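Novice: Each protein sequence line maps, in turn, to chains A and B.
Using the working numbering, you'd call the opening residue of the first sequence number 16 and step up by one each time.
Using the working numbering, you'd call the opening residue of the second sequence number 16 and step up by one each time.
From the three backbone atoms N, C-alpha and C, an ideal C-beta is built for every residue, glycine too.
Remember, it's a predicted structure, so these values are computed and weren't measured experimentally.
2 protein chains.
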Amino acid sequence: MRDVAIIGAGMIPFGRRDEDSLMDMLAYASLKALDDAGLGDKSVDAVYVGNMGGGIIQHQTAIASSLVDRLSLLPAAAETIENGPASGGSAVKNGLLAVASGYYDYVLVVGGEKMREVTGWRATDFVATMTHPGAEYPYGITLPGMAGMFTRLYMEKYGVTREHLVTVTLKNQEMGALNPYAHVEMVLSREGIFDSPHSIVNNPPMADPLHLYDACPVSDGAAAIVLCPLDMLKAEKKSLDASKPLVVIAGFGQATDTQTLQEREDPTDLKAVTLAAQKAFEMAKLKPGDIHVAELHDAFTILEIAESEHVGFFKKGEGGKAAMAGKTRLGGQIPINVSGGLKARGHPVGATGVAQVVDIVFQLRHELPKTRQVKNAMNGLTVNFGGFGNNVLAFVLRRVQQ
Amino acid sequence: MRDVAIIGAGMIPFGRRDEDSLMDMLAYASLKALDDAGLGDKSVDAVYVGNMGGGIIQHQTAIASSLVDRLSLLPAAAETIENGPASGGSAVKNGLLAVASGYYDYVLVVGGEKMREVTGWRATDFVATMTHPGAEYPYGITLPGMAGMFTRLYMEKYGVTREHLVTVTLKNQEMGALNPYAHVEMVLSREGIFDSPHSIVNNPPMADPLHLYDACPVSDGAAAIVLCPLDMLKAEKKSLDASKPLVVIAGFGQATDTQTLQEREDPTDLKAVTLAAQKAFEMAKLKPGDIHVAELHDAFTILEIAESEHVGFFKKGEGGKAAMAGKTRLGGQIPINVSGGLKARGHPVGATGVAQVVDIVFQLRHELPKTRQVKNAMNGLTVNFGGFGNNVLAFVLRRVQQ
Numbered sequence: 016m017r018d019v020a021i022i023g024a025g026m027i028p029f030g031r032r033d034e035d036s037l038m039d040m041l042a043y044a045s046l047k048a049l050d051d052a053g054l055g056d057k058s059v060d061a062v063y064v065g066n067m068g069g070g071i072i073q074h075q076t077a078i079a080s081s082l083v084d085r086l087s088l089l090p091a092a093a094e095t096i097e098n099g100p101a102s103g104g105s106a107v108k109n110g111l112l113a114v115a116s117g118y119y120d121y122v123l124v125v126g127g128e129k130m131r132e133v134t135g136w137r138a139t140d141f142v143a144t145m146t147h148p149g150a151e152y153p154y155g156i157t158l159p160g161m162a163g164m165f166t167r168l169y170m171e172k173y174g175v176t177r178e179h180l181v182t183v184t185l186k187n188q189e190m191g192a193l194n195p196y197a198h199v200e201m202v203l204s205r206e207g208i209f210d211s212p213h214s215i216v217n218n219p220p221m222a223d224p225l226h227l228y229d230a231c232p233v234s235d236g237a238a239a240i241v242l243c244p245l246d247m248l249k250a251e252k253k254s255l256d257a258s259k260p261l262v263v264i265a266g267f268g269q270a271t272d273t274q275t276l277q278e279r280e281d282p283t284d285l286k287a288v289t290l291a292a293q294k295a296f297e298m299a300k301l302k303p304g305d306i307h308v309a310e311l312h313d314a315f316t317i318l319e320i321a322e323s324e325h326v327g328f329f330k331k332g333e334g335g336k337a338a339m340a341g342k343t344r345l346g347g348q349i350p351i352n353v354s355g356g357l358k359a360r361g362h363p364v365g366a367t368g369v370a371q372v373v374d375i376v377f378q379l380r381h382e383l384p385k386t387r388q389v390k391n392a393m394n395g396l397t398v399n400f401g402g403f404g405n406n407v408l409a410f411v412l413r414r415v416q417q
Numbered sequence: 016m017r018d019v020a021i022i023g024a025g026m027i028p029f030g031r032r033d034e035d036s037l038m039d040m041l042a043y044a045s046l047k048a049l050d051d052a053g054l055g056d057k058s059v060d061a062v063y064v065g066n067m068g069g070g071i072i073q074h075q076t077a078i079a080s081s082l083v084d085r086l087s088l089l090p091a092a093a094e095t096i097e098n099g100p101a102s103g104g105s106a107v108k109n110g111l112l113a114v115a116s117g118y119y120d121y122v123l124v125v126g127g128e129k130m131r132e133v134t135g136w137r138a139t140d141f142v143a144t145m146t147h148p149g150a151e152y153p154y155g156i157t158l159p160g161m162a163g164m165f166t167r168l169y170m171e172k173y174g175v176t177r178e179h180l181v182t183v184t185l186k187n188q189e190m191g192a193l194n195p196y197a198h199v200e201m202v203l204s205r206e207g208i209f210d211s212p213h214s215i216v217n218n219p220p221m222a223d224p225l226h227l228y229d230a231c232p233v234s235d236g237a238a239a240i241v242l243c244p245l246d247m248l249k250a251e252k253k254s255l256d257a258s259k260p261l262v263v264i265a266g267f268g269q270a271t272d273t274q275t276l277q278e279r280e281d282p283t284d285l286k287a288v289t290l291a292a293q294k295a296f297e298m299a300k301l302k303p304g305d306i307h308v309a310e311l312h313d314a315f316t317i318l319e320i321a322e323s324e325h326v327g328f329f330k331k332g333e334g335g336k337a338a339m340a341g342k343t344r345l346g347g348q349i350p351i352n353v354s355g356g357l358k359a360r361g362h363p364v365g366a367t368g369v370a371q372v373v374d375i376v377f378q379l380r381h382e383l384p385k386t387r388q389v390k391n392a393m394n395g396l397t398v399n400f401g402g403f404g405n406n407v408l409a410f411v412l413r414r415v416q417q
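#1: In terms of DSSP beta bridges, what is A:D235 paired with?
#2: Touch check for the stretch 94-104 of chain B and the stretch 354-372 of chain B: three-plus C-beta pairs under 8 Å?
#3: The stretch 82-107 of chain B: which residues have C-beta closer than 9 Å to a C-beta of chain A, in chain order?
#4: Within a Cβ cutoff of 7 Å, which residues of the same chain sit near A:M185, ignoring the five residues on either side of it in sequence?
#5: At a CB-CB cut-off below 9 Å, which residues of chain A make contact with B:H312?
#6: Go ahead and label A:V59 buried or exposed: buried means 16 or more other beta carbons lie within 10 angstroms of its beta carbon, across all protein chains shown.
#7: Taking its Cβ as the centre, do 16 or more other Cβ atoms sit within 10 Å of B:M201, making it buried, or is it exposed?
#8: Contact between the stretch 386-393 of chain A and the stretch 151-161 of chain A: three or more CB pairs below 8 Å?
#9: My parser needs the beta strand (DSSP E) runs of 3 or more residues fully inside the stretch 367-391 of chain B; what are they?
#10: Using CA coordinates, which residue listed in A:G55, A:R85, A:G65, A:E128 is at the minimum distance from A:H362?
#11: Starting from the beta carbon of A:D33, find every residue of chain B whose beta carbon is closer than 9 Å, and list them in chain order.
#12: How would you call B:G110, buried or exposed, if buried means at least 16 neighbouring beta carbons within 10 angstroms?
#13: Are B:P260 and B:L379 close, meaning C-beta to C-beta below 8 Å?
#14: What in chain B is Cβ-close to A:A115, meaning under 8 Å?
#15: With burial defined as no fewer than 16 other Cβ atoms inside 10 Å of the residue's Cβ, what is the status of B:S87: buried or exposed?
#16: Under 7 Å between beta-carbons, which chain B residues line up against A:H145? List them in chain order, please.
#17: If I follow the unbroken alpha helix (DSSP H) through B:T166, where does it start and stop?
#18: Could you tell me the alpha carbon to alpha carbon distance between A:D140 and B:A291, rounded to whole angstroms?
#19: Under the criterion of a Cβ to heavy atom distance below 7 Å, does B:N218 qualify as lining the ligand SAH?
#20: Based on DSSP bridge pairs, tell me the residues matched to B:N394.
#21: Rounded to whole angstroms, what's the CA-CA distance from A:G236 to A:V133? Just pull it up for me.
#22: Can you list the residues of chain B that A:M16 reaches, using a CB-CB cut of under 7 Å?
#23: Have a look at B:V376 and B:Q388 and give me their C-alpha separation to the nearest angstrom.
#24: Counting pairs of Cβ atoms below 8 Å between the stretch 304-323 of chain A and the stretch 331-345 of chain A, do you hit three or more?
#25: Please state if the CB of B:T271 and the CB of B:A287 are separated by a distance shorter than 8 Å.
#26: Within 8 Å of any Cβ in chain A, is that where the Cβ of B:Q293 sits?
#27: Out of B:S80, B:L46, B:D51, state which residue places its alpha-carbon closest to the alpha-carbon of A:T273.
#28: Just confirm the distance between the C-beta atoms of B:A366 and A:Y118, as a whole number of angstroms; I'd bet it's less than 8 Å.
#29: Do B:A113 and B:A52 count as a contact pair if the criterion is CB distance below 8 Å?
#30: For B:M298 and B:G327, which I take to be in contact (beta-carbon distance under 8 Å), what is that distance rounded to the nearest angstrom?
#31: Against chain B, does A:P148 count as a neighbour if the rule is that its beta carbon must be under 8 Å from one of theirs?
#32: Any idea which residues DSSP pairs A:D183 with across the strands?
#33: Return the CA-CA distance between A:A199 and A:G68, expressed in angstroms with no decimal places.
#34: Hey, how far is the Cα of B:P232 from the Cα of B:G30?
#35: Compute the Euclidean distance between the alpha carbons of A:V107 and A:V124, then round it to the nearest angstrom.
#36: Could you work out which residues of chain A lie near B:T273, taking near to mean beta carbons separated by less than 8 Å?
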């Protein structure tokens with residue numbers, strides 16, 4: 016396998032983007048990443064688009080082929096990758112392996128989703144397309160419902176409390192408010208959403224024990240990266256932007272689990288998260304303790320806590336306490352979701368896995384404002400969580416000393 | 016890049032499969048390919064599913080993750096690839112590059128579609144999701160409509176006649192009737208569909224100058240292959256079925272073109288077909304004349320003729336005459352769509368690109384009955400055509416002397 020560098024990264028502000036079509040957003044994010052890469056006269060060989068809902072929501076298929084035309088990148092190969100909420104991560108993975116194989120040199124990976132076209136029950140229905148069509152959805156199971164039951168089990172087994180969850184909400188909304196790309200700019204108060212008489216009104220129960228602010232919003236957005244072989248980059252340094260610190264994908268792992276939770280021996284055990292992270296660490300020859308910044312898939316607050324344990328940052332049952340103790344804040348032991356995470360940056364599903372990588376690239380290049388920059392970050396981790404943990408991708412990114 | 020072998024191939028009969036869900040069909044085809052591969056205790060590292068309509072027709076997403084669970088292949092990585100009618104070819108491509116990269120050893124590629132759930136205008140509407148949402152579909156353009164206009168131009172520029180098209184229909188239906196996996200088993204007569212007074216009733220105009228029997232049917236179906244590195248196969252020969260002739264993917268090419276036909280300088284010029292085939296031949300170090308059998312994407316009869324010219328089997332304007340002269344029949348200069356092609360085998364869109372590869376594997380292994388076997392076939396070509404030629408994939412398969 017050839018080593019693969021990320022030479023361009025960009026995203027557009029997530030949120031409500033009523034004026035933009037899905038194709039507009041994919042194009043805008045692509046142009047930002049291409050501009051950042053400074054390819055000059057190099058042409059893009061292939062474009063990988065991560066997207067979940069183009070067919071269902073926009074009634075459009077083969078959107079990658081359309082994007083290549085829109086970007087005037089013809090005759091570059093085009094692929095649309097769909098893997099539920101892990102569509103973005105899967106697009107990164109397929110782009111990575113395509114470059115690693117030696118078949119392509121310059122690959123653009125874009126993730127995007129225009130989800131605000133479906134809100135309320137229609138958003139829940141769209142997301143539920145990833146549940147089991149025979150054993151789950153017909154019986155009323157939705158993703159928030161699954162997350163609620165998972166949270167209850169996790170609380171009972173590991174002593175996670177509502178206070179732990181609220182801590183994650185507050186941290187991620189606080190950080191999101193500092194991120195110009197984040198959907199949710201509102202800083203919440205502990206009193207407002209948790210321990211005042213009004214908190215039940217401000218933050219009503221959604222799927223007990225989860226409340227409204229335990230869930231990510233429904234967002235529009237897109238993010239993109241440009242990949243190329245590390246060797247080629249070294250050889251052609253003069254023609255690319257050599258002033259930017261270099262970031263490589265040092266490790267990648269992916270694993271699947273049963274589609275339904277009830278088939279798992281221990282439904283609190285997110286085996287696919289553990290396995291995906293282990294594989295990524297193994298390939299990167301790093302350990303969880305070597306990671307300086309992480310973007311975890313906090314579609315629900317419980318998932319940030321559970322994933323922080325499953326990837327090995329904390330022992331089982333310690334994640335909630337660690338969050339309470341500030342260990343996952345900027346300046347803490349392992350800053351998690353400094354971007355605001357899915358909780359505050361937003362979760363346009365196909366965009367998320369790519370946006371996580373973009374955020375880590377920004378961190379490893381040390382180009383963020385002080386309020387958000389993890390000092391001297393050299394290694395970063397992303398976890399993109401599909402279904403309810405039935406398809407998980409993890410990437411380890413590394414800043415290369417030049 | 017590592018050389019990649021196809022060690023297993025299988026498909027299920029295409030047609031109306033009302034009793035089977037999409038997941039059933041994907042699983043049945045997978046099991047046939049896995050059984051054919053005889054993996055023994057080797058485990059599958061990843062599963063790539065080519066599918067276009069799971070979200071729109073079945074309201075299901077992330078179907079590859081679900082399939083991995085259904086097949087008890089956990090924790091194998093799973094990806095769903097969507098590229099319109101080229102979804103199957105794109106799944107093969109991504110599986111190919113993943114194995115070529117060295118990251119995975121054993122990869123299952125499955126293509127499938129359950130299209131009979133949408134017939135009539137709903138089928139046309141589903142297929143039209145690949146047209147341009149601003150410039151084509153709102154103005155009434157559908158895929159058959161586009162094919163009709165393309166045919167008219169091709170007739171005017173190159174002298175293709177209705178008789179040429181009917182020849183393709185008759186050849187492919189005749190061959191399909193011999194293929195136990197084909198959807199359409201009906202042998203048509205020239206008189207019945209072309210030159211009798213009743214032919215206008217039997218074979219009514221659909222999108223002038225195309226008639227009903229110029230188009231492929233709407234089919235359910237699935238097909239699958241198993242890939243592994245050639246070197247590993249040689250090393251582990253004893254543990255796999257060494258009695259089967261070995262087939263490798265010797266070449267692969269892909270190219271995109273403008274999404275709308277009116278933006279092409281010459282709308283009769285299928286540039287992406289030419290480019291994809293050229294790249295595949297270049298990688299395989301072969302020429303069109305070295306190919307002994309081909310599966311071309313005859314969603315409409317005109318496409319078989321046009322593609323036979325664009326890939327280099329015949330000069331422009333000679334494809335129709337060559338078909339009339341029997342050059343593309345079994346025993347002719349270059350047998351095309353001996354399987355019956357999309358025209359008669361059927362075109363469950365996500366399945367097609369994989370089924371084409373499966374059919375060529377059967378040919379190169381020389382395991383078909385005499386009535387369908389191309390004698391001593393050593394090299395085969397497939398062309399999978401997405402959109403109206405805006406994303407095309409070509410594969411050159413080669414039988415390896417052992």
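Specialist: Taking the geometry as given:
#1: A:G30, A:K129
#2: yes
#3: V83, D84, R85, L88, L89, P90, A91, A92, A93, E94, T95, I96, E97, N98, G99, P100, A101, S102, S105
#4: According to the sequence displayed, residue 185 of chain A carries Leu and not Met. Once the five neighbours on either side are set aside, the close Cβ partners of A:L185 are L203, R205.
#5: In chain order: nothing, as chain A lies at least about 14 Å away.
#6: Answer is buried; the Cβ neighbour count reaches 16.
#7: exposed
#8: no
#9: none
#10: A:E128
#11: Going along chain B, no residue has its Cβ under 9 Å from A:D33, so there is no contact; the nearest lies around 17 Å.
#12: buried
#13: yes
#14: Simply S116, G117, Y118.
#15: exposed
#16: Contrary to the premise, residue 145 of chain A reads as Met rather than His in this sequence. Neighbours of A:M145 on chain B, chain order: T76, A77.
#17: 158-173
#18: 39 Å
#19: Absence of the ligand SAH is noted for the structure shown, with no ligands found whatsoever.
#20: B:R413
#21: 14 Å
#22: S116, G117, Y118
#23: Approximately 11 Å, taken between the alpha carbons.
#24: yes
#25: The Cβ atoms of B:A287 and B:T271 lie closer than 8 Å to each other.
#26: no
#27: Nearest C-alpha to A:T273: B:S80.
#28: The beta-carbon distance between B:A366 and A:Y118, rounded to whole angstroms, is 24 Å. This is too long to meet the 8 Å contact definition.
#29: no
#30: Not a contact, Cβ separation roughly 15 Å.
#31: yes
#32: Residue identity differs from the one stated: residue 183 of chain A is Val in this sequence, not Asp. Paired residues: none, contrary to the question.
#33: Per the sequence shown, the amino acid found at residue 199 of chain A is Val instead of Ala. Rounded to the nearest angstrom, the two C-alpha atoms are 22 Å apart.
#34: Each residue's Cα considered, the two are about 9 Å apart.
#35: 6 Å
#36: Contact annotation for B:T273 against chain A: D84, L89 [CB-CB distance below 8 Å, chain order].
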